[in-house]
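Enquirer: For the protein sequence lines, the chains are A and B, in the order given.
The first sequence runs contiguously to residue 183 in this note's numbering.
The second sequence runs contiguously to residue 366 in this note's numbering.
2 protein chains.
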Amino acid sequence: MSLEHAILVSLSEQSSSGYDLARRFDRSIGHFWTATHQQVYKVLGRMESAGWVVADVVEQDGRPDKKVYALTDDGRAELREWLAEPAQPEVTRSELAVKVRGAANGDVRAVLAEVRRHRELHADRLDTYLANEKHEFPDPARLRGRRLHQYLVLRGGISLERGAIEWCDEILTALTPATKRTR
Amino acid sequence: MSLEHAILVSLSEQSSSGYDLARRFDRSIGHFWTATHQQVYKVLGRMESAGWVVADVVEQDGRPDKKVYALTDDGRAELREWLAEPAQPEVTRSELAVKVRGAANGDVRAVLAEVRRHRELHADRLDTYLANEKHEFPDPARLRGRRLHQYLVLRGGISLERGAIEWCDEILTALTPATKRTR
DNA sequence: TTCCGCATGTAACCAGTTACATGATTAC
DNA sequence: GTAATCATGTAACTGGTTACATGCGGAA
Chain A
1 MSLEHAILVS LSEQSSSGYD LARRFDRSIG HFWTATHQQV YKVLGRMESA
51 GWVVADVVEQ DGRPDKKVYA LTDDGRAELR EWLAEPAQPE VTRSELAVKV
101 RGAANGDVRA VLAEVRRHRE LHADRLDTYL ANEKHEFPDP ARLRGRRLHQ
151 YLVLRGGISL ERGAIEWCDE ILTALTPATK RTR
Chain B
184 MSLEHAILVS LSEQSSSGYD LARRFDRSIG HFWTATHQQV YKVLGRMESA
234 GWVVADVVEQ DGRPDKKVYA LTDDGRAELR EWLAEPAQPE VTRSELAVKV
284 RGAANGDVRA VLAEVRRHRE LHADRLDTYL ANEKHEFPDP ARLRGRRLHQ
334 YLVLRGGISL ERGAIEWCDE ILTALTPATK RTR
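#1: Just to confirm my understanding: we take S193(B), look at its own chain, exclude 5 residues before and 5 after, and list those with CB closer than 7 Å. What are they?
#2: Measure the C-alpha to C-alpha separation of H220(B) and S232(B) and round it to an integer number of angstroms.
#3: On a CA-only basis, which of E196(B), D244(B) and L358(B) is nearest A296(B)? Give me that one, please.
#4: On the DSSP bridge list, what partners appear for Y69(A)?
#5: Assign S2(A) to one of two classes, buried (16 or more other C-beta atoms within 10 Å of its C-beta) or exposed (fewer than that).
#6: Using a cut-off of 8 Å between C-beta atoms, extract the partners of A103(A) located in chain B.
#7: Contact check, G285(B) vs S16(A) under 8 Å by CB: the rounded distance?
#8: What's the gap between the Cα of I354(B) and the Cα of T128(A)?
#9: Please list, in chain order, the residues of the stretch 212-234 of chain B that have any C-beta partner in chain A closer than 8 Å.
#10: When the Cβ atoms of the stretch 341-354 of chain B are set against those of the stretch 149-160 of chain A, are three or more pairs found closer than 8 Å?
#11: Quick check on the DSSP output: what are the complete alpha helix (DSSP H) runs of length 4 or more inside the stretch 269-299 of chain B, in order along the chain?
#12: For A22(A), which residues in chain B fall below 9 Å Cβ to Cβ?
#13: Name the residue from E90(A), A77(A) and L121(A) whose alpha carbon lies nearest to the alpha carbon of L304(B).
#14: Taking just the CA atoms, how far does R27(A) sit from Q197(B)?
#15: Applying a beta-carbon distance threshold of less than 7 Å, which residues of chain A neighbour S277(B)?
#16: So is R263(B) in contact with chain A if we call contact Cβ pairs under 7 Å?
#17: For S12(A), go through chain B and note every residue whose CB falls closer than 9 Å to its CB, in chain order.
#18: Is Q60(A) helix, strand or coil by DSSP?
#19: Start and end of the alpha helix (DSSP H) containing A357(B)?
#20: I want to see whether chain B comes within less than 7 Å of A174(A), judged by CB atoms only; does it?
#21: Thinking C-beta only, is K249(B) closer than 7 Å to A238(B)?
#22: Straight-line CA distance for G328(B) to V111(A)?
#23: Would you call the CB atoms of L191(B) and G258(B) closer than 7 Å?
#24: Going along the chain, which residues of its own chain have a beta-carbon closer than 7 Å to the beta-carbon of V57(A), five neighbours each way excluded?
#25: Would you mind sorting A84(A) into buried or exposed? The rule is 16 or more other CB atoms within 10 Å of its CB.
#26: Can you tell me whether A218(B) is buried or exposed? The criterion is at least 16 other CB atoms within 10 Å of its CB, across all chains shown.
#27: I believe V53(A) touches Y69(A) by the beta-carbon criterion, under 8 Å. Please report the beta-carbon distance rounded to the nearest angstrom.
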């Protein structure tokens with residue numbers, strides 16, 4: 001697909017500036033799609049030319065002006081069509097996995113240190129996701145529509161991180177010498 | 184990183200042709216890194232210029248000639264250095280997740296059908312991985328070194344697929360009307 | 001005779017990253 | 001004074017995808 005449709009989804013929830021979108025791609029939607037601000041601006045330009053979004057310049061005091069983008073009817077139509085298309089299966093590219101596979105060609109302990117570091121990164125992300133879940137969706141059983149969909153995506157992020165942590169632990173258990181492990 | 188190092192790892196296990204490498208990227212290593220044959224050939228060219236690999240033309244009867252690539256000492260050195268560097272955390276890009284999040288903007292049932300389709304794709308991949316595990320690593324407790332590392336990466340693929348299936352199921356349970364579910 | 005597997009590639013293109021650039025305000 | 005946050009962008013580059021091209025052998 002590419003960023004376009006992720007932006008359409010994001011704008012369907014809330015009109016916002018490129019800056020704001022870029023920040024949201026560091027959070028909520030960002031669990032499953034990332035984008036730098038440079039790319040967001042570039043793509044927004046294209047989308048405006050295509051007539052999917054319109055910009056409204058908002059002046060602020062004490063802060064730079066901003067362009068707030070909103071979906072047009074064409075944008076909404078595009079989004080609807082895209083949703084009906086098949087989604088291609090995600091490709092997981094894990095540099096860490098390649099390093100683990102090739103570890104015997106270098107210093108295995110260095111690779112293990114990386115696995116440990118990644119484990120912590122995933123644990124941190126899991127914590128933020130869980131805090132998010134607790135704070136934003138305290139009563140999941142009652143959720144309907146949009147909110148339920150958002151919740152489900154967050155749940156996906158949570159189980160992804162849990163899986164990653166478990167995998168790191170499996171590697172660490174298997175590759176840490178028993179002498180170190182038991183002491 | 185990029186493909187280069189994945190190819191170095193692959194060649195460290197077994198010298199092979201570009202065609203063969205491309206096929207392996209559809210399997211074993213491919214759980215965590217993919218590449219088309221076009222890209223493999225392109226990168227192999229670059230790697231040969233850099234002196235990381237050498238090609239040996241092998242004539243075959245009844246089949247086209249092939250170039251079998253092998254690691255050089257420089258290639259091995261490069262691999263060793265790369266293994267000592269930190270790995271950047273993977274970015275998971277899931278088109279399906281974006282569709283789930285935006286589902287309310289279109290036909291929710293169409294998105295659910297996609298979730299169901301993806302569930303089956305993941306289930307199929309899980310089956311191949313499990314068959315692989317059983318066949319190639321019947322006695323995991325005894326594994327050491329390279330073989331153990333390969334096994335651990337396969338385990339990662341397995342838990343990734345399991346996680347994906349569970350997530351799909353969670354979505355299906357949450358979004359399928361109870362009337363259809365209980366029947 | 002048509003399609004699949006083996007085997008290697010080129011060319012055009014697109015998506016995404018990194019580096020660079022500007023400028024005001026606020027908090028330490 | 002120094003760094004962080006808000007806000008928008010351009011330019012160069014890299015990595016990866018898609019389309020196209022060739023040619024033999026064997027199976028259906």
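Don't be surprised by glycine CBs; every beta carbon is placed ideally from N, CA and C.
Expert: Based on what the coordinates show:
#1: Here residue 193(B) refers to the residue found at position 10 of the second sequence. Excluding residues within five positions, the ones whose Cβ falls inside 7 Å are L204, R207 and I212.
#2: Numbered from 1 along the second sequence, position 37 holds the residue referred to as residue 220(B). Numbered from 1 along the second sequence, position 49 holds the residue referred to as residue 232(B). Roughly 19 Å between the two C-alpha positions.
#3: Sequence index remark: in the second sequence, residue 296(B) carries index 113 (1-based). Checking every option, the nearest Cα to that of A296(B) belongs to L358(B).
#4: Position 69 of the first sequence, counted from the first residue, corresponds to residue 69(A). Paired residues: S16(A) and A55(A).
#5: Along the first sequence, read from residue 1 onward, the residue named residue 2(A) stands at position 2. So S2(A) counts as exposed.
#6: Taking the first residue of the first sequence as 1, we reach residue 103(A) at position 103. Chain B residues near A103(A): L266 and H332.
#7: Against the second sequence, residue 285(B) aligns to sequence position 102. Against the first sequence, residue 16(A) aligns to sequence position 16. Not quite, the Cβ-Cβ distance comes to about 15 Å (not below 8 Å), so this is no contact.
#8: Within the second sequence, numbered from 1, the residue matching residue 354(B) stands at position 171. Within the first sequence, numbered from 1, the residue matching residue 128(A) stands at position 128. One C-alpha to the other measures close to 21 Å.
#9: I212, H214, F215, W216 and T217
#10: yes
#11: 278-285
#12: Taking the first residue of the first sequence as 1, we reach residue 22(A) at position 22. Those do not exist, as A22(A) stays about 15 Å from chain B at its closest Cβ, beyond 9 Å.
#13: As a working mapping, residue 304(B) is identified with position 121 in the second sequence. Considering only alpha carbons, the answer is E90(A).
#14: Position 14 of the second sequence, counted from the first residue, corresponds to residue 197(B). Position 27 of the first sequence, counted from the first residue, corresponds to residue 27(A). Each residue's alpha carbon lies about 41 Å from the other.
#15: For the purposes of this step, residue 277(B) is taken as the residue at position 94 of the second sequence. Result: F32 and E90.
#16: Working through the second sequence from its first residue, we reach residue 263(B) at position 80. Yes, contact with chain A.
#17: For the purposes of this step, residue 12(A) is taken as residue 12 along the first sequence, with counting starting at 1. Simply G285, A287 and N288.
#18: Along the first sequence, read from residue 1 onward, the residue named residue 60(A) stands at position 60. Correct three-state label for Q60(A): coil.
#19: On the second sequence, residue 357(B) is found 174 positions in, with the first residue counted as 1. It spans G328 to L358 - the alpha helix (DSSP H) in which A357(B) sits, taken as one unbroken run.
#20: Position 174 of the first sequence, counted from the start, is the residue given in the question as residue 174(A). Yes, contact with chain B.
#21: Taking the second sequence and counting its residues from 1, one reaches residue 238(B) at position 55. Taking the second sequence and counting its residues from 1, one reaches residue 249(B) at position 66. No.
#22: On the second sequence, position 145 is the one that residue 328(B) refers to. On the first sequence, position 111 is the one that residue 111(A) refers to. Taking the straight line joining both Cα atoms gives about 13 Å.
#23: To locate residue 191(B), count along the second sequence from 1; it is residue 8. To locate residue 258(B), count along the second sequence from 1; it is residue 75. Contact: yes.
#24: Translated into the one-based positions of the first sequence, residue 57(A) becomes position 57. Answer for V57(A): D65 and K67, listed in chain order.
#25: Taking the first sequence and counting its residues from 1, the one referred to as residue 84(A) is at position 84. Exposed, because fewer than 16 other Cβ atoms sit within 10 Å of the Cβ of A84(A).
#26: On the second sequence, position 35 is the one that residue 218(B) refers to. Buried: at least 16 other Cβ atoms inside 10 Å.
#27: Position 53 of the first sequence, counted from the start, is the residue given in the question as residue 53(A). Position 69 of the first sequence, counted from the start, is the residue given in the question as residue 69(A). Between Y69(A) and V53(A) the Cβ distance is about 5 Å, and since that is below 8 Å, they are a contact.
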